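Residue numbers (this note's numbering), protein chains in the order written: chain A, 29 to 496; chain B, 6 to 251.
Notes to accompany the following structure.
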Amino acid sequence: MSDALLRTPFPERAGAALKDTFLQEALKIATTKFIDLRKQSFAGFPQGEALRDRARAIKEATLQHLDVHLERLADNVERLGGRVHWASTAEEAREMVLRLCRDRGVRMAVKSKSMATEEIDLNEALEHAGITPIETDLGEYIIQLAHEKPSHIIAPAIHKTKGQVAELFSRELRGEFPADPEVLTAVARKALREKFLQADMGITGANFAVADTGTVVLVTNEGNGRMVTSLPRIHVALMGVEKVIPSMTDLVVFLAILARSATGQKLSSYTTLVRGPRRAGELEGPEEFHLILLDNGRSRQIASTLREALYCLRCGACLNVCPVYRQIGGHAYGYTYPGPIGILLTAMLKGNESVRELAHASSLCGACKDVCPVRIDIPRMLVELREHLDREKIAPWTERVVFKALRRLLLSPTAYRVSATVGRWVQRPFVRQGRLRGLPLVFGKWTKTRDLPPVAARTFRERWKELQ
Amino acid sequence: MAAPVRASLMITCLGDMLFPEVGVAMVQLLRRLGVQVGFPDGQTCCGMPLFNSGYHHDAALVAARTVKLFEGADHVVVPSGSCAWMVRTEYPGLLKHDPALHAAADSLARRTRELSQFIVEVLGVTTIESPFKGKVTYHDSCHLLRGLGESASPRALLRGVPGVELVELPGADECCGFGGSFSVRLPEVSSSILDKKLANVESTGARCLVACDAGCLMQMAGGLSRRGSAVKAVHLAQVLAGEVER
Numbered sequence: 029m030s031d032a033l034l035r036t037p038f039p040e041r042a043g044a045a046l047k048d049t050f051l052q053e054a055l056k057i058a059t060t061k062f063i064d065l066r067k068q069s070f071a072g073f074p075q076g077e078a079l080r081d082r083a084r085a086i087k088e089a090t091l092q093h094l095d096v097h098l099e100r101l102a103d104n105v106e107r108l109g110g111r112v113h114w115a116s117t118a119e120e121a122r123e124m125v126l127r128l129c130r131d132r133g134v135r136m137a138v139k140s141k142s143m144a145t146e147e148i149d150l151n152e153a154l155e156h157a158g159i160t161p162i163e164t165d166l167g168e169y170i171i172q173l174a175h176e177k178p179s180h181i182i183a184p185a186i187h188k189t190k191g192q193v194a195e196l197f198s199r200e201l202r203g204e205f206p207a208d209p210e211v212l213t214a215v216a217r218k219a220l221r222e223k224f225l226q227a228d229m230g231i232t233g234a235n236f237a238v239a240d241t242g243t244v245v246l247v248t249n250e251g252n253g254r255m256v257t258s259l260p261r262i263h264v265a266l267m268g269v270e271k272v273i274p275s276m277t278d279l280v281v282f283l284a285i286l287a288r289s290a291t292g293q294k295l296s297s298y299t300t301l302v303r304g305p306r307r308a309g310e311l312e313g314p315e316e317f318h319l320i321l322l323d324n325g326r327s328r329q330i331a332s333t334l335r336e337a338l339y340c341l342r343c344g345a346c347l348n349v350c351p352v353y354r355q356i357g358g359h360a361y362g363y364t365y366p367g368p369i370g371i372l373l374t375a376m377l378k379g380n381e382s383v384r385e386l387a388h389a390s391s392l393c394g395a396c397k398d399v400c401p402v403r404i405d406i407p408r409m410l411v412e413l414r415e416h417l418d419r420e421k422i423a424p425w426t427e428r429v430v431f432k433a434l435r436r437l438l439l440s441p442t443a444y445r446v447s448a449t450v451g452r453w454v455q456r457p458f459v460r461q462g463r464l465r466g467l468p469l470v471f472g473k474w475t476k477t478r479d480l481p482p483v484a485a486r487t488f489r490e491r492w493k494e495l496q
Numbered sequence: 006m007a008a009p010v011r012a013s014l015m016i017t018c019l020g021d022m023l024f025p026e027v028g029v030a031m032v033q034l035l036r037r038l039g040v041q042v043g044f045p046d047g048q049t050c051c052g053m054p055l056f057n058s059g060y061h062h063d064a065a066l067v068a069a070r071t072v073k074l075f076e077g078a079d080h081v082v083v084p085s086g087s088c089a090w091m092v093r094t095e096y097p098g099l100l101k102h103d104p105a106l107h108a109a110a111d112s113l114a115r116r117t118r119e120l121s122q123f124i125v126e127v128l129g130v131t132t133i134e135s136p137f138k139g140k141v142t143y144h145d146s147c148h149l150l151r152g153l154g155e156s157a158s159p160r161a162l163l164r165g166v167p168g169v170e171l172v173e174l175p176g177a178d179e180c181c182g183f184g185g186s187f188s189v190r191l192p193e194v195s196s197s198i199l200d201k202k203l204a205n206v207e208s209t210g211a212r213c214l215v216a217c218d219a220g221c222l223m224q225m226a227g228g229l230s231r232r233g234s235a236v237k238a239v240h241l242a243q244v245l246a247g248e249v250e251r
């Protein structure tokens with residue numbers, strides 16, 4: 029994401045988001061809707077809980093032999109006539125796509141929604157090379173027109189109200205369009221159909237790739253993703269290496285919980301299974317199929333404390349329930365993957381330095397862990413991440429000093445007792461009607477919006493004597 | 006006659022320094038229920054602030070000290086779900102490198118309960134006579150609800166008080182925005198989450214907001230008094246003991 033944005037400290041980015049009334053309105057409506065839909069969906073699906081355990085176990089087991097599964101996937105894709113490319117970095121992945129474009133004279137590429145392509149900033153690279161990328165997922169199309177980035181893993185334009193979309197379309201697509209989702213969808217559809225016919229390449233991500241059969245699986249709701257895989261003469265699928273699953277039986281487990289977690293649907297409207305390019309005698313499908321397997325820092329995390337983040341299905345459920353995400357939306361996080369899982373993925377992909385502030389953008393309420401289809405223990409991993417930041421001295425030294433002092437206080441009952449006495453003295457000028465207000469220093473961050481109870485005239489410890 | 010239940014009170018740092026009246030209410034309540042209450046002197050804090058910010062080595066030192074301090078207690082009762090969670094869920098892991106301490110931590114984890122859980126599970130009591138009257142609503146603290154899986158006991162106890170009418174809080178299971186140091190690291194976000202919570206609280210028409218965690222109570226009471234609300238935030242123990250001092 030843009031360096032200019034990241035130069036603003038995270039608390040300021042979050043503060044700006046809180047003041048954006050459109051964003052607040054859009055977030056409230058959308059996240060509440062997603063939460064309710066997910067809840068209803070699982071309420072009527074008692075086997076869901078066991079399937080979540082099963083899905084987690086499959087991810088766990090697959091990662092233990094990731095290399096084996098990936099090689100089987102690659103073999104099967106090539107057996108079907110596809111080409112497999114291994115990219116260890118984002119740059120390598122970009123280069124592979126660009127080389128394909130150059131070698132095959134591609135001028136325009138249609139895309140289906142893919143966080144992996146966001147992760148490697150593919151659109152920027154394509155544009156820079158004179159190739160036009162066109163996002164065909166409605167939400168992605170909206171933000172591409174607005175020159176923005178997705179603010180949610182599955183609902184990229186979640187931060188926009190329908191009024192804002194109507195304005196955007198009227199300006200960018202030249203017309204007078206009402207704030208009516210049906211009308212706006214039809215407008216986008218018409219504009220996109222023309223692009224589909226012109227495009228030489230279709231670029232997709234992958235929700236899963238089945239090693240046994242060489243199948244790349246796309247889960248979408250609009251159908252344009254399927255057209256991206258079938259209409260242009262070249263199909264390029266880019267996927268993180270952790271997306272591989274062993275068998276079709278495993279796929280059934282994941283499909284049963286993915287859409288339920290994401291949108292509350294039993295299944296998404298389209299589940300597209302792609303096996304290689306068009307074969308002899310077939311009438312449809314691309315002439316070429318390329319699968320790019322993107323590592324970009326993933327495999328080195330298999331043995332790390334962040335390991336569980338590799339189970340993520342990118343359903344977005346943890347974003348919807350996160351009290352922080354619900355207040356600030358996705359952009360304030362500053363990186364490709366927002367929300368609680370995004371903090372972990374950012375640490376994984378960009379290094380611990382990049383999450384110095386973000387690691388603390390969670391109240392550790394645990395709502396994310398509760399809804400995660402594969403039960404990733406996000407709060408625990410955030411705490412582990414913070415531990416790394418402290419140990420690697422990435423946390424500010426002032427903070428480390430404060431916590432070391434706190435440790436000393438908590439280890440000495442005498443010092444602890446004295447601190448109550450000191451507190452009572454120091455707080456005196458700030459007591460108003462039995463409450464503390466207008467405190468200085470770090471305490472002021474509390475009292476700016478909330479009162480604080482003063483240190484009691486007699487602590488419980490002091491009152492205990494007369495209770496005996 | 007069965008021997009009386011003996012329990013040690015883990016008052017917690019916030020309970021000791023900022024909310025001593027909650028501790029007093031707990032002692033009175035537990036004694037009325039026939040419990041012999043003890044208070045190991047020298048206790049400070051469970052170490053959760055250190056743990057949550059990632060200072061695990063330091064938290065382990067505090068945990069080791071606390072484990073020893075409560076070694077002789079039959080039961081340990083805690084007024085805050087989060088501190089009870091810390092002891093039950095995190096202490097054994099923090100002390101895993103020392104077999105003796107680890108065993109002691111495991112034992113303490115098994116003996117430790119948040120107040121409502123202690124009353125319902127250990128004492129087997131769900132109906133407590135209390136003069137407390139009025140409409141109340143209940144906030145599920147994150148660590149008690151999702152950490153310890155407890156949502157029924159506090160509600161059962163509130164419903165058991167004859168004069169209390171419990172109305173469900175919309176979004177009762179959503180975080181109040183406290184989150185320990187989160188509340189001062191990102192004060193605007195924390196306050197914004199709080200505002201939503203308090204709007205829900207006020208929509209219930211309750212006169213008291215009940216919770217089982219001093220952290221959440223500090224956050225929610227701080228917001229209520231700042232906005233001049235008529236709603237009082239109180240601890241479950243105060244309702245059950247029948248006295249609200251403030």
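Cβ atoms here follow ideal geometry from the backbone N, Cα and C, with glycine treated the same way.
This structure is a prediction, so every number in the text was calculated from the model and none was measured.
Residue 154(B), DSSP secondary structure in three states: Taking the first residue of the second sequence as 1, we reach residue 154(B) at position 149. Coil at residue 154(B), not helix or strand.
Looking at residue 147(A) and residue 364(A), is the spacing between their C-beta atoms short of 8 Å? The count along the first sequence starts at 1 and reaches residue 364(A) at position 336. The count along the first sequence starts at 1 and reaches residue 147(A) at position 119. Residue 364(A) places its beta carbon less than 8 Å from that of residue 147(A).
In whole angstroms, give me the CA-to-CA distance for residue 235(B) and residue 214(B). In the second sequence, residue 235(B) corresponds to position 230, counting from 1. In the second sequence, residue 214(B) corresponds to position 209, counting from 1. Taking the straight line joining both Cα atoms gives about 11 Å.
Residues from the region 196–214 of chain A in contact with chain B, defined by Cβ distance under 8 Å: Here the close residues number zero.
Considering only heavy atoms of the ligand COA, does any lie closer than 7 Å to the CB of residue 72(B)? With respect to the ligand COA, the structure offers nothing, as it holds no ligand at all.
Straight-line gap, residue 267(A) to residue 98(A) (C-alpha atoms, nearest Å): Against the first sequence, residue 267(A) aligns to sequence position 239. Against the first sequence, residue 98(A) aligns to sequence position 70. In this structure, the straight-line span from the alpha carbon of residue 267(A) to that of residue 98(A) is close to 11 Å.
Would you say residue 363(A) reaches chain B, if we count a Cβ-Cβ gap shorter than 8 Å as a contact? Counting from one through the first sequence, the residue named residue 363(A) turns up at place 335. No, because no Cβ of chain B sits closer than 8 Å to the Cβ of residue 363(A).
Identify, in the order they occur along the chain, each residue of the same chain with its Cβ nearer than 8 Å to the Cβ of residue 229(B), setting aside the five sequence neighbours on each side. Counted from its first residue, the second sequence places residue 229(B) at position 224. So the list reads 203, 206, 214, 236, 237 and 238, once near-sequence residues are dropped.
Validate contact between the region 351–360 of chain A and the region 177–187 of chain A using beta carbons, cut 8 Å, 3 pairs: Verdict: yes, contact present.
Where residue 298(A) sits in the DSSP three-state scheme: Within the first sequence, the letter at position 270 stands for residue 298(A). Residue 298(A): strand per DSSP, three-state reduction.
Using a Cβ-Cβ cut-off of less than 9 Å, give me the residues of the region 52–64 of chain B that come near chain A, in sequence order. Those would be 52, 54, 55, 56, 57, 58, 59, 60, 61, 62, 63 and 64, in chain order.
Just confirm the distance between the C-beta atoms of residue 188(A) and residue 165(A), as a whole number of angstroms; I'd bet it's less than 8 Å. For the purposes of this step, residue 188(A) is taken as the residue at position 160 of the first sequence. For the purposes of this step, residue 165(A) is taken as the residue at position 137 of the first sequence. Going by Cβ atoms, the distance from residue 188(A) to residue 165(A) rounds to 14 Å, so no, they are not a contact pair.
In three-state terms, what does DSSP make of residue 15(B)? Translated into the one-based positions of the second sequence, residue 15(B) becomes position 10. Residue 15(B): coil per DSSP, three-state reduction.
Quick one: is residue 16(B) near chain A, going by C-beta distance under 8 Å? Walking along the second sequence from the start, residue 16(B) turns up at place 11. It does; some Cβ of chain A falls within 8 Å.
Where do the ends of the alpha helix (DSSP H) carrying residue 106(A) lie? The sequence position of residue 106(A) within the first sequence is 78, counting from 1. 94–107 is the extent of the alpha helix (DSSP H) around residue 106(A).
Compute the Euclidean distance between the alpha carbons of residue 250(B) and residue 486(A), then round it to the nearest angstrom. If you number the second sequence from 1, residue 250(B) lands on position 245. If you number the first sequence from 1, residue 486(A) lands on position 458. With a pLDDT of only 46 at residue 250(B), under 50, the local geometry of the prediction cannot be trusted, and no value is derived from it.
Quick one, are the C-beta atoms of residue 434(A) and residue 175(B) less than 8 Å apart? Position 406 of the first sequence, counted from the first residue, corresponds to residue 434(A). Position 170 of the second sequence, counted from the first residue, corresponds to residue 175(B). Residue 434(A) is not a Cβ neighbour of residue 175(B), given a cutoff of 8 Å.
Is it true that the CB of residue 469(A) sits closer than 8 Å to the CB of residue 480(A)? Translated into positions along the first sequence, residue 480(A) becomes position 452. Translated into positions along the first sequence, residue 469(A) becomes position 441. No. Outside cutoff.
Considering just the uninterrupted stretch of the alpha helix (DSSP H) at residue 191(A), what are its terminal residues? For the purposes of this step, residue 191(A) is taken as the residue at position 163 of the first sequence. Looking at the DSSP string, the run of the alpha helix (DSSP H) that includes residue 191(A) is 190–200.
Contact with chain B by residue 70(A), beta-carbon distance below 8 Å: As a position in the first sequence, residue 70(A) is number 42, starting the count at 1. Answer no: the Cβ-Cβ gap between residue 70(A) and chain B never drops below 8 Å.
Would you list the residues sitting across from residue 322(A) in a DSSP beta bridge? Locating residue 322(A) in the first sequence gives position 294, counting from the first residue. Here residue 322(A) is bridged, per DSSP, to 115(A) and 268(A).
Using a beta-carbon distance cut-off of less than 7 Å, what residues from the region 362–389 of chain A approach chain B? Of all residues in the region 362–389 of chain A, 388 and 389 have a Cβ within less than 7 Å of some Cβ in chain B.
For residue 272(A) and residue 282(A), the rounded distance between their alpha carbons: The residue labelled residue 282(A) in the question sits at position 254 within the first sequence. The residue labelled residue 272(A) in the question sits at position 244 within the first sequence. Each residue's Cα considered, the two are about 12 Å apart.
Between residue 113(B) and residue 81(B), what straight-line distance do the alpha-carbon atoms span, to the nearest angstrom? Numbered from its first residue, the second sequence carries residue 113(B) at position 108. Numbered from its first residue, the second sequence carries residue 81(B) at position 76. Whole-angstrom Cα-Cα distance: 8 Å.
Is there a Cβ of chain B sitting closer than 8 Å to that of residue 353(A), yes or no? The residue given as residue 353(A) occupies position 325 in the first sequence. Interface residue (Cβ-Cβ distance to chain B less than 8 Å): residue 353(A) is not classified as such.
Output the distance between the C-alpha atoms of residue 483(A) and residue 431(A), rounded to the nearest integer angstrom. Residue numbering aside, residue 483(A) sits at position 455 when the first sequence is read from its first letter. Residue numbering aside, residue 431(A) sits at position 403 when the first sequence is read from its first letter. Computed Cα separation, rounded: 20 Å.
Just the chain D side, please: which residues come within less than 7 Å of residue 197(B) by C-beta, in chain order? In summary, chain D is missing from the structure at hand, where the protein chains are A and B.
Using DSSP's beta-bridge definition, name the partner residues of residue 213(B). Taking the second sequence and counting its residues from 1, the one referred to as residue 213(B) is at position 208. Note: residue 213(B) sits in a beta bridge opposite 141(B) and 237(B).
Under a Cβ-count criterion, where at least 16 other Cβ atoms within 10 Å of its own Cβ denotes burial, should residue 4(B) be classed as buried or exposed? Nothing in the structure corresponds to residue 4(B), since chain B is present only between 6 and 251.
Would you kindly work out how many angstroms separate the C-alpha atoms of residue 130(B) and residue 38(B), rounded to a whole number? For the purposes of this step, residue 130(B) is taken as residue 125 along the second sequence, with counting starting at 1. For the purposes of this step, residue 38(B) is taken as residue 33 along the second sequence, with counting starting at 1. Distance between the alpha carbons of residue 130(B) and residue 38(B): 9 Å.
Beta-carbon neighbours of residue 415(A), restricted to chain B and to distances below 8 Å: Position 387 of the first sequence, counted from the start, is the residue given in the question as residue 415(A). Under the 8 Å cutoff, chain B gives 59, 60 and 61.
The region 72–91 of chain B contacting the region 147–159 of chain B, beta-carbon criterion three pairs below 8 Å: With a cut-off of 8 Å on Cβ pairs, the region 72–91 of chain B is in contact with the region 147–159 of chain B, counting three or more such pairs.
Got a sec? Which residues, its chain only, sit under 6 Å from residue 101(B) by beta carbon, not counting five neighbours each side? As a working mapping, residue 101(B) is identified with position 96 in the second sequence. Contacts found: 107.
Taking C-beta pairs closer than 7 Å, name the residues in chain A that residue 49(B) reaches, listed in chain order. Sequence index remark: in the second sequence, residue 49(B) carries index 44 (1-based). Result: 438, 441 and 444.
Within the continuous beta strand (DSSP E) that includes residue 458(A), where are the two ends? Numbered from 1 along the first sequence, position 430 holds the residue referred to as residue 458(A). Per DSSP, residue 458(A) belongs to no beta strand (DSSP E) and is neither H nor E.
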